[in-house]
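Novice:
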Amino acid sequence: QVHLAESGGGVVQPGRSLRLSCVASGFTFSSYGMHWVRQAPGKGLEWVAVIWYDGSGSYYADSVKGRFTISRDNSKNMLYLQMNSLRAEDTAVYYCSRDGPTAAAYDAFDMWGQGTLVTVSS
Amino acid sequence: QSALTQPASVSGSPGQSITISCTGTSSDVGSYSLVSWYQQHPGKAPKLIIYEVTKRPSGISNRFSGSKSGNTASLTISGLQAEDEADYYCCSYAGSSTFENWVFGGGTKLTVL
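Residue numbers (my numbering), protein chains in the order written: chain U, 1282 to 1403; chain W, 727 to 839.
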């Protein structure tokens, strides 16, 4: 059974950094692209970043480009999101999501974790 | 990249059918078959219900169906049930040869009367 579990959220001051983690199980992690998607309180979904199955490519939404870095460790089935220079508008629940259901090319966000809340506030 | 446009709310009675529209542009919905739909109950993670415009993941009821015409995609839920009451989001790939991007709709709240 596919399972994704995020961790690392919390309250952080503006301008500071935070690293989110996502552990994957129940599927061949190294075969799938992975995304981070966020949802501000009471708002809709926003795509944040994607990383290719082998880590050789990564892309970002304009709103986080230059501040956030997505990475993965396929030997540990782990996905990460390093968030620097955090702003109040980054406050959201952050979800890790698998690009599926097929492993080849882009498809949809077919599996989601339960999310971790990041609050940026002084 | 602007968000896709969805109605803020729709409603229907049990047993009825409803359709939620999702309007984009020729740079996203109109250019790709990578349109997907998500159901989200309060306090829960989103759940994929339609991908590649018309496909249903394993375990998703055939009461859910998707379609696309031009720059507008649609989700139809037939035989409405109380448990269908949730927020629904559409999403489209909107990348190009030089960048990758996905855009979501603002979400539609479905009320089952």
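Every residue, glycine too, gets a C-beta built ideally from N, C-alpha and C.
How many Å lie between Arg1424 (chain U) and Ala729 (chain W) at the Cα?
Specialist: Examination of residue 1424 (chain U) is not possible in this model, given that chain U is present from 1282 through 1403 alone.
Novice: Does DSSP put Glu809 (chain W) in a helix, a strand or coil?
Specialist: The answer is helix: DSSP assigns Glu809 (chain W) an H, G or I state.
Novice: If you measure from the beta carbon of Tyr1387 (chain U) to each beta carbon in chain W, is any gap under 8 Å?
Specialist: Yes, because at least one Cβ of chain W sits closer than 8 Å to the Cβ of Tyr1387 (chain U).
Novice: If you draw a straight line from the alpha carbon of Gly1307 (chain U) to that of Met1315 (chain U), how long is it in whole angstroms?
Specialist: Their Cα atoms are separated by approximately 15 Å.
Novice: Going straight from the alpha carbon of Tyr815 (chain W) to that of Lys1346 (chain U), what length do you get?
Specialist: One C-alpha to the other measures close to 24 Å.
Novice: Below 8 Å on C-beta distance, what does Gly832 (chain W) contact in chain U?
Specialist: Simply Gly1325.
Novice: At the 8 Å Cβ level, is Pro1382 (chain U) part of the contact set with chain W, yes or no?
Specialist: Yes - at least one Cβ of chain W is within 8 Å of the one on Pro1382 (chain U).
Novice: Which residues share a DSSP beta bridge with Tyr819 (chain W)?
Specialist: Tyr819 (chain W) is bridged to W:Trp828.
Novice: Exposed or buried, which one is Glu826 (chain W) when buried takes at least 16 other CB atoms within 10 Å?
Specialist: Flag for Glu826 (chain W) reads buried.
Novice: Where do the N-terminal and C-terminal ends of the beta strand (DSSP E) with Gly785 (chain W) fall, by residue?
Specialist: Where Gly785 (chain W) is concerned, there is no enclosing beta strand (DSSP E), given that its DSSP letter is neither H nor E.
Novice: List the DSSP bridge partners of Thr731 (chain W).
Specialist: Its beta-bridge partners are W:Thr749.
Novice: For the candidate residues W:Ser735, W:Gly750, W:Ser737 and W:Ser757, whose alpha-carbon lies nearest to that of Phe830 (chain W)?
Specialist: The option with the nearest alpha carbon to Phe830 (chain W) is W:Gly750.
Novice: Nearest chain W C-beta to Gln1363 (chain U) closer than 8 Å, yes or no?
Specialist: So no, Gln1363 (chain U) is outside the interface.
Novice: Asp1380 (chain U) bridges to which residues according to DSSP?
Specialist: BP columns for Asp1380 (chain U) point to U:Phe1390.
Novice: Any idea which residues DSSP pairs Asp1354 (chain U) with across the strands?
Specialist: According to DSSP, which records beta bridges pairwise, Asp1354 (chain U) is partnered with U:Met1359.
Novice: Assuming Trp1418 (chain U) is part of the beta strand (DSSP E), what are its boundary residues?
Specialist: The displayed coordinates of chain U run from 1282 to 1403. Any statement about residue 1418 (chain U) would go beyond what the structure contains.
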